[in-house]
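What follows is a set of notes on a single structure, which appears directly below.
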Amino acid sequence: MRNLSIYIEIDGEQRLVGFITGESYAEATFKYDREYMDSAYGAPISISLPFQEESFTAESTKSFFESLLPEGFSRRAVADWIKTDEKDYLSILSGLGRECLGAIKITEGDGKSTAHYEKLTKSQVRSLAAEGATRSTQILMETHLSLTGASGKVGLYYDPKGRWYLPKGDAPSTHIVKQSHIRLNRIVLNEQLCIMTAGNIGVDVPESFIVNVGEGKDSDVLYATKRYDRDLNGKKEIDGLLAPLRLHQEDFAQAMGISSEDKYEKQPLGYMRRMFELITMHSSNPIEDKRKLLERMIFNFLIGNTDCHLKNYALLYSPDLKSVRLSPAYDIVSTRVYNSIPEMSFYIGGELDFNAINRSSFIASADDIGLGKRAIENTFDSLADRFEKSITEAAENLTQSGFAAAKELKNDILKSGGYAQIK
Numbered sequence: 001m002r003n004l005s006i007y008i009e010i011d012g013e014q015r016l017v018g019f020i021t022g023e024s025y026a027e028a029t030f031k032y033d034r035e036y037m038d039s040a041y042g043a044p045i046s047i048s049l050p051f052q053e054e055s056f057t058a059e060s061t062k063s064f065f066e067s068l069l070p071e072g073f074s075r076r077a078v079a080d081w082i083k084t085d086e087k088d089y090l091s092i093l094s095g096l097g098r099e100c101l102g103a104i105k106i107t108e109g110d111g112k113s114t115a116h117y118e119k120l121t122k123s124q125v126r127s128l129a130a131e132g133a134t135r136s137t138q139i140l141m142e143t144h145l146s147l148t149g150a151s152g153k154v155g156l157y158y159d160p161k162g163r164w165y166l167p168k169g170d171a172p173s174t175h176i177v178k179q180s181h182i183r184l185n186r187i188v189l190n191e192q193l194c195i196m197t198a199g200n201i202g203v204d205v206p207e208s209f210i211v212n213v214g215e216g217k218d219s220d221v222l223y224a225t226k227r228y229d230r231d232l233n234g235k236k237e238i239d240g241l242l243a244p245l246r247l248h249q250e251d252f253a254q255a256m257g258i259s260s261e262d263k264y265e266k267q268p269l270g271y272m273r274r275m276f277e278l279i280t281m282h283s284s285n286p287i288e289d290k291r292k293l294l295e296r297m298i299f300n301f302l303i304g305n306t307d308c309h310l311k312n313y314a315l316l317y318s319p320d321l322k323s324v325r326l327s328p329a330y331d332i333v334s335t336r337v338y339n340s341i342p343e344m345s346f347y348i349g350g351e352l353d354f355n356a357i358n359r360s361s362f363i364a365s366a367d368d369i370g371l372g373k374r375a376i377e378n379t380f381d382s383l384a385d386r387f388e389k390s391i392t393e394a395a396e397n398l399t400q401s402g403f404a405a406a407k408e409l410k411n412d413i414l415k416s417g418g419y420a421q422i423k
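The opening residue of the sequence shown carries number 1 in the working numbering; numbering runs sequentially from there.
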């Protein structure tokens with residue numbers, strides 16, 4: 001019988017939430033701890049997992065907790081190293097679950113662990129950039145860190161003096177660091193250009209920067225994003241470094257009870273409508289967050305991001321879990337510059353084909369998202385009118401920072417993204 005303990009950090013304190021139990025990963029179920037539900041601090045860890053006496057189904061359990069795991073090569077590599085089936089999400093969670101996205105911690109056994117930060121040398125940071133997903137997956141195992149997504153990424157601590165540390169045990173990270181994708185040219189520059197453009201145009205984004213450990217080639221750079229689910233306002237120190245508090249988050253797939261494998265809408269299932277309903281019903285400021293969500297969707301269309309699936313939108317909880325808001329934007333990349341499959345991740349105004357989507361498609365979605373057509377028109381036009389200036393400013397800043405390819409990439413985005421379809 002497998003028995004995994006689920007903890008969550010609330011106002012800086014680790015609280016036992018409940019347990020996942022079962023003879024195998026195929027039948028394992030999650031159940032809330034009675035004391036947690038009865039406590040003054042207790043709150044559901046997901047919109048899809050409201051308080052109830054009974055255990056949740058194996059399907060509901062898997063949909064939420066498997067979404068905490070890496071995908072693709074990283075997941076296969078971890079499974080190989082711990083000698084388990086790639087589908088055995090319980091064993092992988094047991095190995096990686098001490099530091100997840102958000103504030104969840106998963107342990108098997110007594111759950112005791114020390115916390116330590118190990119300073120990285122410049123050569124170690126350089127090897128992380130050069131060695132690709134194999135090195136990043138090794139770090140996942142060393143740090144028991146679970147990060148979602150298919151790209152090579154690790155959680156590291158970055159101090160005010162510009163030094164990098166590897167979190168060990170229960171030590172929290174401050175930044176998510178991604179490697180360049182071997183098959184996608186200039187992916188790090190692509191994401192930084194897009195995120196800077198989003199910030200210029202008014203989209204809520206986290207701090208990010210390119211770590212250049214060489215001459216700026218793909219094998220020399222890493223992409224660092226400050227974690228919006230970490231708060232450095234705490235007072236606890238680890239090895240003389242201020243340890244951030246963990247803030248809980250869940251992506252839209254988790255909140256909607258949809259498995260990772262169904263994060264793309266392949267048949268009309270109303271994903272867009274359900275996303276806005278989620279905000280309407282659960283956000284502490286639904287009017288503002290619906291506007292922000294619409295802006296984000298329009299922006300992804302303008303840059304040509306066809307990989308903006310349900311797991312690339314998230315909800316961020318307050319430190320006490322009592323309120324929830326739309327999180328800052330993340331994983332914003334122009335996929336169309338790589339001649340990606342011409343389909344969006346979900347239907348917009350009844351259209352999935354990227355080449356068939358335009359301003360009218362968003363206006364046609366008015367009933368789905370609960371906003372007036374005039375409000376959608378104004379939002380679309382406002383972003384479209386400022387788009388070229390915003391991306392030009394971002395490209396110029398990156399060029400001045402030593403990334404001359406930013407201007408060429410900017411032109412590629414202007415030609416291949418949705419902006420080209422509305423000009």
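Even glycine gets a Cβ: it sits at the ideal position worked out from N, Cα and C.
Computed from a predicted structure; not experimentally measured.
Can you tell me the Cβ-Cβ gap for residue i and residue j, rounded? I've got them flagged as a contact below 8 Å.
i: F19; j: T61; result: Rounded, the Cβ-Cβ distance is 11 Å, inconsistent with contact.
i: I258; j: S63; result: 6 Å
i: N200; j: L409; result: About 15 Å; that fails the 8 Å criterion.
i: G42; j: E99; result: Rounded, the Cβ-Cβ distance is 22 Å, inconsistent with contact.
i: K105; j: Q14; result: 7 Å
Locate the beta strand (DSSP E) running through residue i, then write down its first and last residues.
i: D367; result: That residue, D367, is in no beta strand (DSSP E); its alpha helix (DSSP H) goes A366 to I369.
i: H282; result: Unbroken run through H282 is the alpha helix (DSSP H), Y271 to H282; no beta strand (DSSP E).
i: D251; result: Q249 to D251
i: Y179; result: Sequence inspection shows Gln at residue 179; the Tyr mentioned does not correspond to that position. Counting along the chain, the beta strand (DSSP E) containing Q179 begins and ends at H175 to Q179.
i: A224; result: V221 to K226
i: E108; result: I104 to E108
Which residues mark the beginning and the end of the alpha helix (DSSP H) in which residue i is found?
i: N411; result: A405 to S416
i: F354; result: First-last for F354: undefined, no H or E at that position.
i: Y89; result: Y89 to L96
i: N190; result: I187 to I201
i: G72; result: G72 to W81
i: M297; result: P286 to I303
i: T379; result: K373 to Q400
i: K62; result: A58 to F65
Within 10 Å of its beta-carbon, does residue i have 16 or more other beta-carbons around it, so buried, or fewer, so exposed?
i: F354; result: buried
i: F362; result: buried
i: H144; result: The predicted position of H144 is uncertain, since its pLDDT is 44 and thus under 50; a value taken from the coordinates is nonetheless stated next. Under this definition H144 is a buried residue.
i: G349; result: buried
i: A395; result: buried
i: G149; result: For G149, the pLDDT reaches just 45, beneath the cut-off of 50, and the residue's location in the model is therefore unreliable, although a value from the coordinates is still provided. Per the 10 Å Cβ criterion, buried.
i: T114; result: exposed
i: L232; result: exposed
i: I287; result: exposed
i: L147; result: Its pLDDT being 47, under 50, L147 is placed unreliably in this model, and the value from its coordinates should be taken loosely. The residue is buried, with at least 16 neighbouring Cβ atoms inside 10 Å.
i: K153; result: buried
i: K122; result: exposed
i: E23; result: exposed
i: T306; result: buried
i: M344; result: buried
i: L140; result: Legend: pLDDT at L140 = 46, less than 50; position of this residue unreliable, value from coordinates given subsequently. With 16 or more Cβ atoms within 10 Å of its Cβ, L140 is classed as buried.
Thinking C-alpha only, which one of the options is nearest residue i?
i: E370; options: N305, N339 and M281; result: Residue identity check: residue 370 is Gly in the sequence provided, not Glu. When only C-alpha atoms are compared, the closest one is M281.
i: S390; options: I376, K373, K153 and N411; result: N411
i: R102; options: A77, V17, I8 and V177; result: The amino acid occupying residue 102 in the given sequence is Gly; Arg does not appear at that position. When each option's Cα is compared against that of G102, the closest is I8.
i: N212; options: D231, S180 and M196; result: S180
i: I92; options: L4, R386, K161 and T392; result: L4
i: S284; options: K266, L315 and T306; result: L315
i: K322; options: R2, P44, E27 and D239; result: P44
i: M297; options: D204, Y228 and E388; result: D204
i: E261; options: N185, L69, R386 and D11; result: L69
i: F346; options: S365, K266 and D367; result: K266
i: C308; options: S360, D251, G109 and F387; result: D251
i: L193; options: G202, L184 and I210; result: I210
i: V188; options: G202, P172, S208 and L166; result: S208
i: V125; options: Y89, L166 and R386; result: L166
i: E35; options: M1, Q52 and R2; result: Q52
i: E351; options: D11, I238 and D368; result: D368
i: G387; options: A243, N300 and W164; result: Gly is not the amino acid found at residue 387; the sequence shown has Phe there. Comparing Cα positions, the closest option is N300.
Using 8 Å as the threshold, is the C-beta distance between residue i and residue j below it?
i: G97; j: T107; result: yes
i: G72; j: I82; result: no
i: L310; j: K236; result: no
i: Y157; j: Q249; result: no
i: L293; j: L269; result: no
i: A198; j: I332; result: yes
i: R230; j: L247; result: yes
i: L245; j: Y419; result: no
i: T379; j: R291; result: yes
i: N358; j: M196; result: no
i: R273; j: M256; result: no
i: G402; j: G169; result: no
i: G372; j: A366; result: yes
i: V177; j: L120; result: no
i: S334; j: I279; result: no
i: S416; j: G304; result: yes
Taking only heavy atoms of the ligand NAD into account, decide whether any of them is closer than 7 Å to the Cβ of residue i.
i: S63; result: This structure simply doesn't include the ligand NAD, nor any ligand for that matter.
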